[in-house]
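Novice:
Residue numbers (the UniProt record's numbering): 1 to 215.
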């Protein structure tokens, strides 16, 4: 599948930037790029997105690996889908795999990460390297907002290239969902027609929907 080259490029770029950050910046260093709005701030995330933790570190790593494998399997399963939809899945796959590399190998390669307890310098216990820092908004939420009204909130997520790819992929999935649904209906109709005719086309290769290519 040609779209896997997108995933490969994301993984390579993601890992190169993380190695540069690990070797050229000290933990906590922050380099302004566009004032306070956009900076490179080196931090390491032992949990999920934005530091959210679910269960043990081992569980989180295994969960991430399994989820990445399932995305790859699903991408192969929908080879007939519109190009935009498959590109979106390739973006998510590349981002997920980039962060999986951190979780699986970075503990044994780089040693213990700053937020982790002693004993994390081993396989499957690595932290994800984050550095893309967006200082989106700081202020008090209006009182009219349920539950959060009157509270001071600072939105300054810190992520990496893999995170950006995942977000872009999810947005693109939402945009191409309609086209995917139409293609799925055509694919199902073609499958039923093929079964009714007595089997797959000559050569055993499943035909792609009109206007689409396989791979």
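A virtual CB, placed ideally from N, CA and C, is assigned to each residue, including glycine. None of the values given here were measured: they were computed from a predicted structure.
#1: Considering only their Cβ atoms, is the gap separating residue 10 from residue 88 smaller than 8 Å?
#2: Inspect the CB distances between the region 178 to 196 and the region 76 to 87 and report whether three or more fall short of 8 Å.
#3: Terminal residues of the continuous alpha helix (DSSP H) containing residue 196?
#4: Report yes if the CB atom of residue 122 is closer than 8 Å to the CB atom of residue 64, and no otherwise.
#5: Go ahead and label residue 155 buried or exposed: buried means 16 or more other beta carbons lie within 10 angstroms of its beta carbon, across all protein chains shown.
#6: Are residue 98 and residue 15 closer than 8 Å when you measure CB to CB?
#7: Just to confirm the assignment, what range does the beta strand (DSSP E) spanning residue 132 have?
#8: Assign residue 51 to one of three DSSP states: helix, strand, or coil.
#9: Using three-state DSSP, classify residue 145 as helix, strand or coil.
#10: With distance defined between alpha-carbon atoms, name the residue in 46, 127, 152, 169 nearest to residue 95.
#11: Would DSSP call residue 203 helix, strand or coil?
Specialist: Result, derived from the coordinates:
#1: Along the chain shown, read from residue 1 onward, the residue named residue 88 stands at position 88. Along the chain shown, read from residue 1 onward, the residue named residue 10 stands at position 10. Their beta carbons are not under 8 Å apart, which means residue 88 does not touch residue 10 by this criterion.
#2: yes
#3: Indexing the chain shown from 1 puts residue 196 at position 196. Per DSSP, residue 196 belongs to the alpha helix (DSSP H) from 161 to 196.
#4: Sequence index remark: in the chain shown, residue 122 carries index 122 (1-based). Sequence index remark: in the chain shown, residue 64 carries index 64 (1-based). Going by C-beta atoms, residue 122 is not nearer than 8 Å to residue 64.
#5: Position 155 of the chain shown, counting from 1, holds the residue named residue 155. With fewer than 16 other Cβ atoms within 10 Å, it is exposed.
#6: Position 98 of the chain shown holds residue 98. Position 15 of the chain shown holds residue 15. In contact: residue 98 and residue 15 (Cβ atoms closer than 8 Å).
#7: Taking the chain shown and counting its residues from 1, one reaches residue 132 at position 132. That run of the beta strand (DSSP E) goes 128 to 134.
#8: Here residue 51 is taken as the residue at index 51 of the chain shown, counted from 1. Confidence at residue 51 is low in this model, with a pLDDT of 48, below 50, so the placement of that residue is unreliable and no value is reported for it.
#9: To locate residue 145, count along the chain shown from 1; it is residue 145. Correct three-state label for residue 145: coil.
#10: Position 95 of the chain shown, counted from the start, is the residue given in the question as residue 95. That would be 169, whose Cα lies nearest to the Cα of residue 95.
#11: Within the chain shown, numbered from 1, the residue matching residue 203 stands at position 203. Residue confidence for residue 203 is low, a pLDDT of 43 falling below 50, so the modelled location carries little weight; the figure read from the coordinates is stated next. If DSSP states are grouped into helix, strand and coil, residue 203 belongs with coil.
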